[in-house]
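For this note's numbering, add 810 to where a residue sits in the sequence shown, where the first one is 1.
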Amino acid sequence: MVTLLLETLYIFFLILEYLLLTYVFLSWIPPLRKVRESIGVFLEPLFLWIRTLLKRSVFRTNFIDFTPMIALVIIVYCQTLFAQLLTGV
């Protein structure tokens, strides 16, 4: 049962990672803005949480949005954590 839960969480974060990478790449293709906005609906709660933390930090900037990069680091960290729990390392 625990293994099933860990595998499900690992797959969830894997899908989230692919959605985030797709979201970032679609920002460079203006005609696909509607698709990017659709993906953004799923990612916006995570982005909002990170942007709130960035407003209070020294990494706050008006020129570059580091939110997707920080979200990717968090997602990959969670993936690694669940993968290690699955393998028992």
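Built from N, CA and C at the ideal position, the CB exists for glycine as well.
Ser837 versus Ile884: straight-line alpha-carbon distance, rounded: The straight-line gap from Cα to Cα measures roughly 20 Å.
Report buried or exposed for Leu751, applying the criterion of at least 16 other Cβ atoms within 10 angstroms of its Cβ. Past the boundaries of the shown model lies residue 751; the chain is included only from 811 to 899, so the question cannot be answered.
Using DSSP with H/G/I as helix, E/B as strand and the rest coil, what is Thr818? Helix, per DSSP.
Report yes or no: do the region 818-829 and the region 878-894 share at least 3 C-beta pairs separated by less than 8 Å? With the cut-off at 8 Å, the region 818-829 and the region 878-894 touch.
Straight-line CA distance for Leu853 to Pro878? Looking at the backbone, the Cα of Leu853 and that of Pro878 are separated by about 9 Å.
From Phe857 to Met811, what does the alpha carbon distance come to, in whole angstroms? Near 31 Å, if we compare the C-alpha coordinates of Met811 and Phe857.
Taking only the alpha-carbon atoms, compute the straight-line gap between Thr832 and Val845 and give it to the nearest angstrom. Each residue's Cα considered, the two are about 10 Å apart.
What whole-angstrom Cβ distance do Ile849 and Leu864 have, given they're in contact under 8 Å? Going by Cβ atoms, the distance from Ile849 to Leu864 rounds to 21 Å, so no, they are not a contact pair.
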